[in-house]
Each structure stands twice: as structure tokens, then as C-alpha cells.
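Chains as they are written, first to last, in our numbering: chain A, 1 to 466; chain B, 1001 to 1466; chain C, 2001 to 2466.
Glycine included, every Cβ here is placed at the ideal spot set by N, Cα and C.
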Amino acid sequence: MPQPLSLHPDRLFPSDGKTRSVAKRLYAEVAALPIISPHGHTDPEWWATDAPFGNAAELLLHPDHYVFRMLYSQGVPLEALGIGNPDADPRESWRLFAERYHLFRGTPSRMWLDWVFAENFGIDVLLGAETSDYYFNEITDKLATDAFRPRALFERYNIEVIATTENPLDDLRHHRAIRESGWNGRVITAYRPDPVVDPEFEGFLDNLKTLSDLTGEDCFSWRGYLAAHRKRRAFFSAMGATSTDHGHPTARTADLSPVEAEALFARVTKANVSAEDTELFRAQMLTEMAGMSVEDGLVMQLHPGVYRNHNSAVFDRFGRDKGADIPLPCEYVHALRPLLSKYGNNPDFSFIVFTLDETSYARELAPLAGHYPAMKLGPAWWFNDSPEGMRRFREMTTETAGFYNTVGFNDDTRAFLSIPARHDVARRMDCSWLAQLVVEHRIEEWEAAELAVDLSYNLAKAAYKL
Amino acid sequence: MPQPLSLHPDRLFPSDGKTRSVAKRLYAEVAALPIISPHGHTDPEWWATDAPFGNAAELLLHPDHYVFRMLYSQGVPLEALGIGNPDADPRESWRLFAERYHLFRGTPSRMWLDWVFAENFGIDVLLGAETSDYYFNEITDKLATDAFRPRALFERYNIEVIATTENPLDDLRHHRAIRESGWNGRVITAYRPDPVVDPEFEGFLDNLKTLSDLTGEDCFSWRGYLAAHRKRRAFFSAMGATSTDHGHPTARTADLSPVEAEALFARVTKANVSAEDTELFRAQMLTEMAGMSVEDGLVMQLHPGVYRNHNSAVFDRFGRDKGADIPLPCEYVHALRPLLSKYGNNPDFSFIVFTLDETSYARELAPLAGHYPAMKLGPAWWFNDSPEGMRRFREMTTETAGFYNTVGFNDDTRAFLSIPARHDVARRMDCSWLAQLVVEHRIEEWEAAELAVDLSYNLAKAAYKL
Amino acid sequence: MPQPLSLHPDRLFPSDGKTRSVAKRLYAEVAALPIISPHGHTDPEWWATDAPFGNAAELLLHPDHYVFRMLYSQGVPLEALGIGNPDADPRESWRLFAERYHLFRGTPSRMWLDWVFAENFGIDVLLGAETSDYYFNEITDKLATDAFRPRALFERYNIEVIATTENPLDDLRHHRAIRESGWNGRVITAYRPDPVVDPEFEGFLDNLKTLSDLTGEDCFSWRGYLAAHRKRRAFFSAMGATSTDHGHPTARTADLSPVEAEALFARVTKANVSAEDTELFRAQMLTEMAGMSVEDGLVMQLHPGVYRNHNSAVFDRFGRDKGADIPLPCEYVHALRPLLSKYGNNPDFSFIVFTLDETSYARELAPLAGHYPAMKLGPAWWFNDSPEGMRRFREMTTETAGFYNTVGFNDDTRAFLSIPARHDVARRMDCSWLAQLVVEHRIEEWEAAELAVDLSYNLAKAAYKL
């Protein structure tokens, strides 16, 4: 007999009865609020074409590196899961996952997936070896129905707005198609220029060439390069973007003189760029982007501190985003000073900083966000986007930065079906934290109720100008 | 209708009923103990002259960087708050604060301020836009009465002893005046030599000149400089000091030969000092100060790891201590070794080490304090002087260093009115932690009761020789 | 009247009633499971000779650096405790400890010792000044009885297997004697080659000489040196070893070409080795050892990040392991990459990584272990082998690495009598964590029950191939 699957209505609430009661009351006020998803990686093509999703493996296994990295860590070859291997039978890939579902006990993936299975697909038995085929059939069948098409799910999920992330070379055709389709779901883009900002990005010089072609600017001259950014940012804005996003190995920023910056640009657009020049150029470009944000009003996001593609064998065989991106220690106080000195006090600038290094929450980021008018703290990110990670985020940032220097929740995912589950986890954890403050008489319950709505909805809308 | 304001008697105690009961019993034994305040930044002039405090903005807003940094982070100009701007109307500055009181939800400032409002001024409505004038009037009026003069508050607060912090150039006239006044409140000084120890301190060379004049020693010779320190330390001791305090960018110490030290001193008292020499001199001076502590018995405190005046625009316009001091990662194991190798086993030396980098609690500081006879752990400091910060301090240090290698609480503040509230928070959090240990059967309740008194009173008195 | 001593059956379980009930049910299933002790530092001579232990001070005080470091930190000279001083009267040493037993309140030592006193020796009064003699007599008398001989205790403790740690120069005579004795207790060795791998180890070159003599290989040639390792590993395997262990100042690994490695070896076997060569050689040897593990199947353990013998005065007078080993910040992402690139995807390799730097749990180690098939996370180690340390370990690693990339518990101690108490603490803390997940509806209770057995028994057995 398979084990039953059901989502407990009190999940994630504190065990103490009194605190749980407060958390439940707070949650009741925010559970049904629309979803604001200001930063993520869903594919705009879904809503442009509204084509049905494929099978269970293709939708839930292949794009979710949380899922396949855990399976890989326990010895399952990526090929067998169908990754980089179109010949794999999706039903058999799914079975490898189903048989090992116990590996996910205690992980957020387990909570998100169970939500998708139970709430979205109406399944009431736990995933496992004996239910693998049932799951595969049930999910694959439902995906073929109209109710499971991308736009239908978007509406069912009560998404008020969702941002995708594109690079400056993208023609945003899907965003254009969505706008021209007459459908009233709000899907916007965000400007992520890493491929034309990071000299170490694959094809950097080719990307500059393409950028030149796209913009009519000479992107091998410093002035032309900056002008091209301004043009593409304006184009992205016109397609709904309200923010930019920057994924860098470190948080380093720089404030070179125009002459120095131009000379540096000349060096990084030639062969044999030094590691120091590469890093310095990324640093300088963060400050340049901040300056453009002051001009055009796009909110600037920084996601630093990741060692990308740590496993070279996996990268060589399967490419990027295969679960081998590993967080690094990340310093912010010295790193951000050049940018903050120039723009940190500017009322026209808005700068949201994330971290994967939780040691910086209480020590560096909360004190910085609790001082500079331009800087806000992004929510717990990536591996920290989990119940314990969210708890630590609040415990380590609230007392110094308060709640109003934070910006609500980001789901930051390409796993579309998990988005409601992720927002739900965030709302539950925030309500749990607020309930603790109430029961410990650190705030009043009416204040917690206001804060719950702010954290679930208002702050994201305001911080991202949505 | 404004919201009511009241302080719940169970605030900060754990939510679990059983644990809360134990915490309440423990707290009942320590709530009324006198305050030992061995380290802080109140102004001795208050007690020397016993002049009434001014208005609400001047007393509660202007000197409290926790308060105005939060307002500044949310876009309120410091000038509008009356900082660096004597023309600002204090009533209107207060209003800017009152209107934004919700920003402080979940912060320790909120707890301290509510205590001051409710307990000290007898106010029973919450601060907000509609109660701003009421608050301003009520506080300003009461400050003009005898019951709110500095000495009356000192006595009302049941302060057994309070230490201020002065630099070697201070003539301690206020301390002398207090002693000569016949008032029996115990206010002592502490020796904080940063202005004559740190070559980067504003006016360092001028400060050495003044020190020479004060002491009759040639402070541009190494011998004379050290002799001047000894003289000033003796003078501070005579004015009640039992401790020294050292605020350095890092915890680095050095143990140079006398010849090397003398040569280094010659270099740092000339123009164009290198960054390495500056840092090395500070490092060497910590060890010199430790040596003098062995001679004269002053307890040595180290407060390292801050990037001072991070926001240059704010510093240029408003000067030091304006909320832009940001903690840094701080290493202790290599850094302290020269000093500890020389004096760490010396029974005549007592060395209290603080940190803003909580990662060092479990990893470095508790293991060091749990081994070296001379070293003790200072309490959670600055941004960490908060309920969550105190909880983490105990969770990360108790198991390795125990309780008896810690030194009780420091309020470390210039916000005089908040001192009882801060000690009260510390006592409540310590009782909560002890209650958890009792309920988890890790200690007995009679042991927790002894510990509660030790943490609230005895340890500070012993560690600081008070 | 002395205070009573008793072990509460609910000790360490969460205070909340509902959660405590779940924890108790889970614990009931694992409390009596046999002990798997795959890594530690007990002395195999105990089981080889089965000679009775000496007196209370000799057994419980002298070998336990947790105990004497705390006493030393509070001013008790090591000589007075009988350390490095055979003339000390053990009864008086014990009294110094007994009089200061309150120093251990809130520490794991207190929990372990109380278990030993109550459970092992049947004592029902608390240790203190007035019970010192009673304790000393009672323990010393019982140690002289057959029931307290090493083998009797081994059996009473229900130890299924215990690993000791020896270096390659050890002839394993005691292990041989145990095997030849006919006694069926399973005591195995582990290969800890630091003395012949770390050029900074005392007597490194002499150790290579001895290794040459032992193996018949020329250990001053690179090939001979590697061949000697292979021979000793094979010998250790034959004597039951299933693992190697490596204690390094950092986690750095390297992957030099054979030519480079040979040249490096030539340099470190000469005089005046540079610090960089020393570190690089240790780094290269980790990768060499990993390669040999692929060949011979020994599980590889890495225990990095300690500053050994920090207190030079104590080291000079008393030698190693005297409580002055202090954890350091430790980086893993760059450090482990050479080794993981070479062997991290190899199904024949098993690599268990430990840390004393808890900041690496969520940031580095859980993401690495949650990706690389070869890598697993070792449990909370050394100072972190405590209730709070274990709680943080699970809170910071579970969500990213899951439970099945961890390896159960290690007691890692030379304090033999405390072994059951340490395993009991680990089981209680794991059950408490699992109970919290159950009550927060993150896993089902039947899953928690399976996990409790896995964490207490199965995972260690599987990970260490026992």
C-alpha cells in the first residue's frame, strides 16, 4: 500500500500552540494575496505560445537542478535522468527519481513537489517506486489538457506580475508576442547583461559584436559600448522591465575615472585579459550600471558570490546550470564602497543586494541596508530559499535593518509549477517569525498583521516599482 | 484613536509555557539587582553639572545613531532631524521620527524606546503621527523637572557603578567635579587611547604633542611615549578607572623587539606612513598596553573589526558616529597570538575580547577564552546587543567557553535613558536561555538561579574589578 | 547536603510538549541500537591487554582536554592537575576539578561526565567540593573490579565496532594482539599518515627514514614513498581498517603533474622547506591519497582547519593535545576543487569532509556534498560535537544536502567512558530535530522513524563500509 499524500494546513507553523495560533491568524490574511514575482527565470515562450507542457520528467525533473543534483549526488547518472540525452525514456527517468524520493526528506524540494503533486495534480498518494507509473501517467495526461496550459496555470496561480530574465542580445520576441496577443497576464522582462559585461562569459567578444549589430553602436569603443547598454535598457524598459540583474563572482565595485575606464575596456576587449582586469571591469560595470539606473529608473539587483560550473567533467559534458554552482564567501563592506560612495545616497537609485553567504547578513548587509538610502536587502536566495534559510534571514537581519529595508520574496526559479508553493513557504515562514515576535511581546498582533501583508505583497511591489 | 502602549511583563520570554514559567522565576530573582555598567559612552558632564536635559529630540533622537540611521536609510535627511543643523525645529524633527515609528518594528531600538516612554515618562499611547506633539510636550516638560535630572535618574535606575570612556588627552575635569561634589553616585572613567595610538586617527601627531605637554614626556621618543601612557594610565586609575579600551580595525597584535618597536615608532611619527606600518603599530601597541595592564592591573578591553565612516558623503558633512560604521570579518586566532603568547598565561593580566563578527564566537573566541587564563569573552556588542544577538551569543559560546569565561553585560551606549532597558533585555534573554537549559534538563533550576545572578551582576563586577 | 545527581529521561528533548512526545517515540526506537564508532582515538592497548584502568584522575581528568582546558582557563595550573607531573597526588588533582565543577554548567562535558558518574558508576550525588573524596574513592574502587575492565565496558556499551587511529609507523601490535586473543570485540584501525605527509610534523624526515625501514622502500624517492604508502595502507586494511584520516591546517588540495609532484617531493625532503611548498605538498598528498582510495577502497576522511598548539608556553612545557588547538576559518570551494575534479565523480571513491568552521555548512559543504557523488558530510566535529553544535549542523545542512549525504555520528574521542554518552546525545539531538520536522509537517512520523535508525546506525555502517 502506498503512503498517503496530503498537505497539512498547519505546515511550517511553530510547534508551540500559542505561537501557532497567531501564525495561523496572520497567514489567513495573506494566503490568498496575488503573487508578485519580481525576479525569476521562467521562459516567456510558455506564455507567448501557450503550448502544453510535455511529460512529467520534462517538466518537473529536467529543468530543476535542485532535484537532479540530489539524485546525481547519490550516484544516478545525469544521462539516465534524460539530461543531455534525448534517448532516455522519460518514464524510466521518472522512475529513478520516484524510487529515490526519500532522499528529499527534509528538503524544500520535497515541500514544493508535494504541493505540485497534491494541489496542482490532485494526487493523494506519496511518490515512490510503486506509484511511479501512476504519477507519470497522471501528470502527463493532465498536462495535455487545457487547464494545464501555461496561461491557465498563470491565472490559476493568481500571478499579478512575473518577471523573466533576458540578456541584452535577446530580441524579446516572446515578450512582444505576449503583449500583442491580447492576453492580459502581466509578464515582464529584466535586463541581465552578464554575457556582455563579464569578459569571462562564453563568447564575450562575439556577444559584443552582436550587440553592435543590434544597436548600431560600435561596442568595441567605450562610448559606443555604454551607448549600446543605454539603448538596450530603454528597449527592455519599453517591454516592461523595471529592473536589471547582475550575477558576479564577487560583490566588488569600482569607480575609475573615465580615462581609466576607457583604457580598461580597451584591455578587456583584446586577447589575454588578466584576471585582475576581468574582475576590475566587472566591478567598474556595476558602478556604470548604477549610474544608468539613476538615469532610467531601473532597479538594480546584485547576485554575487558563486563559483559557477565547479564540476568540470559535468560542465564539459552537460554545460551550464547542472547543479555544480557552489556559493563562496563574499565580502561586501569594502567591495560595495565605490558604488555606494557614488550613488548610495542618491534618492533616484534603488539597489537590491543578495547573498549566498549568510555570515554577511548580520555583520555586513543589514548594517549597510540599515544606513544607505539606496540599498535594500534581497530575500534569502537559492540554497537559502528554504524554511531554515528564511528563518535565519529574519533572525539575522530584522534587528538591524528592520523589515522595511527588505523587499519581500523572490522565487527566482525556472520551475514554474513550484512558484505558488515557494511563495506559500515564504508567507508561512514570515508569519511564523512574526508570530514569534508577537508571542514574545516584541510587536503587537495588529502590527504583525500589517507586516504580513507588507512582506507578502506590498514591499515587493514598491521595491521593484511594479 | 492612537494605539495603546504598555510593556508586557513577560516580554522576551520563550513562548513555550513551561519554559516561560522557569524564565519568569529566574528573572524575578535578578530584575531588581543594581546595574553594573562597566563600559559605555555616557557623558560625565551630566553628573558633574546635573543640568537638566533639553527636549525630546535633543535627548532621544540626536545622540542615538541606531535611531537616526534607520530614518536616514528610509530617505529622511539628517539635517531635517536636526543633526548638524541647529536651525531645525526639534518638534518637527521629532515628528519625522514619530511618523516613521513603524520602521522600528522588530528592532531593539523599539523595545528600548518603548521602555523609556512607558516606564520613564509614564506615556500609555504608542508613538505615531497623531501622538507626536503629545510625546514631544510630555517628554520636554518632564525633562525640565528635578526628577529627570541626571543624578536623579542615576539613582532611580539603581546604578551601582557606571564607567565612561575618555582618551588620554582628557583632563577628566568632570570626573573630578563628580568626586568633589559630595554626591555618592559612582561614575568612573576608562582609558581609551585610540587618538594617540592609531596613526590614522584625526590629528594623531597633534595629539602626541598635547600628550607631551600634559605629561612632561617627549612623546616623539619611544621611551617618552610609553612613559606618558604610564602616567596617564596612573592618572585615570586615580580617577577610578579599572579598565582600558581599544577600538581597532582588526584584532592584530605584534610582539616586536624593543629595537624594532622603536624604529617603527619613529616611522609612524613621520609623514607618509605606510598602511602596513600603521597597522603594525596598532598591533604592537596592543601588546604594549597588555604589558602595562600586567603592571598596573587595569583590565584590557579590545573592540575590533569596524569600518569607520563608510559613507564618505555623510562623514564629510556630519563627521564621525553618524550611523555609517560597518562591521567587518575579523580574524582572531593568528591575530591575537603574539599578545597571548606573551601575556595570555599571566595571572596578573585580564583581557576581554569583543567581536562584531559572530562567526568567530564558536570557531575562535570561545575556544580561545576556554583555554587562556587571561582571556575572557565580552558580551554581544553593538548591532548584536539585541535579543537575537544575545541568544546567538549564548548558543555559540556556552558549550565551549562555559558561562564563567564571559563577563556579564555591557550597555556600551551614550543613550543614557535606555540603560535600564538594555540591562533588562539582557537579563530577560539570559534567563530565557537558562530556562531552556533547565527545561531540556541540561542544568538544574538551582544552578540556573545562581547563574542568573552571576550573569546579571557578579561576573561584571569581578571581571572589571568593580 | 550535597545536591542529588540523576539523569532525566527527557534530557535534550524539545520543551514543547507535542514535539517532545514525538522525540521520545523516535528515541525509543534507537536508544538501544548498537554503537558504531567509525572514527576515534581510543587506545587499542586497552583491549589488547584488558588491564584495569587506574584512578579517577588518571582515567577521567588527564586524557580529556575538554576538562582540563576549562580548569586551566580559570587559573588552575596543569601541573596541579597531574598533567606532565607524576608527583601530583591524584586525589588532590581530582579535588581541584570537583571544587570547580560549576564551571562546566551548560557544556557537553558536564552531560557526558554526569552520564559516566550516574550510569556507569551508579553515583547519585552531584560532584562538588564535599563529594570529591567520595567520588574519587568510589570510582577508583570500581575501576579495580572486573566489571570495569576495558573489554567488559566495551561489551556493556554494546559497541558493534570501534575504530582507533594509528599512523603508518605504528606496528599495530595491539590490534594484532586483539585479533589473536580470541576475544570477539571488533576493534579496527584507521590510516592517519600526517606524520609522514606533513613536512611540519615533528620528526618528519626521521619518520620517512623509519617508513623506509618498515617497508623496504626508499621513502626519499617519490616512487618509493608512494609505494610505501600503498604497502602500509594494505597492511592497515589487513588489520581491519576501512578508512584513512587526514588532519591538515587547511582543506587545500592540488593536482600536480607527476613531474611537478616529484620535484616538490624532492624539495620538501631537503632542509629549509618554504611554507608554500609545505602547504602544496600536503595539498598534493590529499589527492594522491584519494587516488589510492580509489584503488584500495579505503574511505577517505579530511579533518582540516586547526591551529595546533596555539599556546607556545603550554606546548613547550607539556607537548601536544593540551587544549590549545584552535579552529580557523576554512575555505572549501577552491580548496577541494583539484581533488574533486579528479575523483569527485568516481563511483569507487568515498570522501568524508569535516569542518570546525560552521560558516561552511550551508554555504560550501552542503552544496558540494549535495552534488558530488563521492563526497559526504562528516558530522559536527570537536567543539561542535555538542547539543547546540549538532542542532546547527542539521539546520544548516539538511535542506541542501539532505540526510543521505551525511554519515551518522562520530564520537572522535580518547575519553572511552564518555562514548555511550556522546552517542546518546547525538541520538537525542537527531530525534529532536526529526520531531521538529514532524510537528511542523515537513516529514511524516514514519519517515522520521526510518531516518532516526539511519542516522543512529545505518548511515555510519554504510559510509564507512563496516
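Label residue i either buried or exposed according to how many other C-beta atoms from any shown protein chain fall within 10 Å of its C-beta, with 16 as the threshold for buried.
i	result
D1255(B)	buried
P2(A)	exposed
H8(A)	exposed
V2259(C)	exposed
A28(A)	exposed
G2247(C)	buried
A1435(B)	buried
K322(A)	buried
N2137(C)	exposed
R2156(C)	exposed
N120(A)	buried
G122(A)	exposed
For residue i, which residues in chain C fall below 7 Å Cβ to Cβ?
i	result
M390(A)	Under the 7 Å cutoff, chain C gives no residues; its nearest Cβ is about 10 Å from M390(A).
R69(A)	G2370 and H2371
Could you tell me whether the Cβ of residue i comes closer than 9 Å to any Cβ of chain F?
i	result
D2357(C)	In the displayed structure, chain F is absent; the protein chains listed are A, B and C.
Using a Cβ cut-off of 8 Å, pull out every chain B residue sitting near residue i, in sequence order please.
i	result
T2107(C)	T1398, E1399, T1400 and G1402
Listing by chain order, which chain B residues have their CB less than 7 Å from the CB of residue i?
i	result
A2324(C)	H1371
From what residue to what residue does the beta strand (DSSP E) around residue i run?
i	result
H1174(B)	Careful: H1174(B) lies outside any beta strand (DSSP E), inside the alpha helix (DSSP H) at R1173 to E1180.
A2271(C)	Element bounds for A2271(C): n/a, residue is neither H nor E.
A160(A)	Here the sequence assigns Glu to residue 160(A), which means Ala is not the residue at that position. First-last of the beta strand (DSSP E) with E160(A): I159 to A163.
Residue i lies in the alpha helix (DSSP H); which residues open and close that run?
i	result
S312(A)	S312 to F318
Q2284(C)	A2275 to D2296
L2302(C)	Premise fails: L2302(C) lies in the beta strand (DSSP E), V2299 to P2304, not in any alpha helix (DSSP H).
M2375(C)	Element bounds for M2375(C): not the alpha helix (DSSP H) but the beta strand (DSSP E), M2375 to L2377.
V2333(C)	V2333 to Y2343
A1366(B)	A1366 to A1369
E138(A)	S132 to L143
F1393(B)	P1387 to A1401
F154(A)	P150 to R156
L2459(C)	L2459 to A2463
In chain A, which residues lie with their C-beta within 7 Å of the C-beta of residue i?
i	result
H1008(B)	H441
Would you mind telling me which residues of chain A sit closer than 9 Å to residue i, beta carbon to beta carbon, in chain order?
i	result
F1383(B)	A362, R363, A366, P367, G370, E399 and T400
Please compile the residues from chain C whose C-beta is within a distance smaller than 8 Å of the C-beta of residue i.
i	result
P1077(B)	Residues of chain C passing the Cβ test: none, with the nearest at roughly 37 Å.
Applying a beta-carbon distance threshold of less than 9 Å, which residues of chain B neighbour residue i?
i	result
F2013(C)	E1440 and H1441
Identify each residue in the region 295–320 of chain A for which the Cβ-Cβ distance to at least one residue of chain C is less than 7 Å, and report them in chain order.
Y307, H310, N311, S312 and A313
Continuous alpha helix (DSSP H) assignments of at least 4 residues falling wholly in the region 2415–2451 of chain C
2419–2439
Contact residues within the region 1260–1284 of chain B, judged by C-beta distance below 8 Å to chain A
none
Please give me, in chain order, every unbroken run of the beta strand (DSSP E) with length at least 3 that falls completely inside the region 198–248 of chain A.
243–248
Which residues of the region 1017–1051 of chain B have a Cβ closer than 7 Å to any Cβ of chain C? Give them in chain order.
K1018 and T1019
Runs of 4 residues minimum, wholly inside the region 2091–2123 of chain C: which ones carry the alpha helix (DSSP H) assignment?
2108–2115
Could you tell me which whole beta strand (DSSP E) segments of length 3 or greater appear in the region 1030–1089 of chain B?
1035–1037
In chain order, what residues of the region 1229–1256 of chain B put their CB closer than 8 Å to some CB of chain A?
none
Residues from the region 82–107 of chain A in contact with chain C, defined by Cβ distance under 8 Å:
H102, L103, F104, R105, G106 and T107
Members of the region 2407–2435 of chain C near chain B, C-beta cut-off 7 Å:
none
Output, in sequence order along the chain, the residues in the region 2450–2464 of chain C whose CB is closer than 7 Å to any CB in chain A.
L2451
For the region 1118–1147 of chain B, which residues have a beta carbon sitting closer than 7 Å to at least one beta carbon of chain C?
none
Taking a cut of 8 Å between CB atoms, which residues from the region 2205–2225 of chain C lie near chain B?
none
Give the residues from the region 2324–2342 of chain C that approach chain A closer than 8 Å (Cβ to any Cβ), ordered along the chain.
E2331, V2333, H2334, R2337, L2340 and S2341
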